[in-house]
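Asks: Dumping the structure here so I can ask a few things about it.
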Amino acid sequence: MTILFIWLIAFVLIAYFANQRWHDGVSRGLDKCLPGVMRSHGENRYLWVGALAVLGATALVNPVEILLVALLIGLIVLVVMKLADWASGLSH
């Protein structure tokens, strides 16, 4: 139960500060990292703030799980890219 409270406090604080600093640098930092389709325009602000808060709070409370999930997602993306490359090679 203590971990839940720590996670909730971290989530609220990260969401609050990311929302406050959105125009001062958070959106620009995201825009540098993301492709054009996913850029943080005004309509996506709260979605990105929530996503950053969830990732940040989870990274603070369970850093090993975040690392394992990131590795798993990376492996899945690699396999999907290889399969897509292989499938596009068959169509030529």
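Under this note's numbering, think of the first position of the sequence shown as 17, with each following residue one higher.
Glycine included, each C-beta is placed from N, C-alpha and C at the ideal position.
Given the structure is predicted, the values throughout are model-derived calculations rather than measurements.
(1) Reducing DSSP to helix, strand and coil, say where arginine 61 ends up.
(2) Measuring alpha carbon to alpha carbon, tell me which residue in Gly66, Gly45 and Arg37 is nearest alanine 26.
(3) Grouping DSSP H, G and I as helix and E and B as strand, with all else coil, what is methionine 97?
(4) Report yes if the CB atom of alanine 34 is closer than 8 Å to the CB atom of valine 42, and no otherwise.
(5) Apart from the five residues just before and just after alanine 73, which ones in its own chain have a Cβ nearer than 7 Å to its Cβ?
(6) Taking only three categories from DSSP, how would you classify arginine 44?
Replies: Let me lay it out:
(1) Working through the sequence shown from its first residue, we reach residue 61 at position 45. Three-state DSSP puts arginine 61 in a helix.
(2) Position 10 of the sequence shown, counted from the first residue, corresponds to residue 26. The candidate whose alpha carbon is nearest that of alanine 26 is Gly66.
(3) As a first step, residue 97 must be located in the sequence shown, where it is residue number 81. If DSSP states are grouped into helix, strand and coil, methionine 97 belongs with the helices.
(4) The count along the sequence shown starts at 1 and reaches residue 34 at position 18. The count along the sequence shown starts at 1 and reaches residue 42 at position 26. Between alanine 34 and valine 42, the gap from beta carbon to beta carbon is short of 8 Å.
(5) Translated into positions along the sequence shown, residue 73 becomes position 57. Same-chain partners within the cutoff: Trp23, Ala26, Phe27 and Ile30.
(6) In the sequence shown, the residue the question calls residue 44 occupies position 28. Helix, per DSSP.
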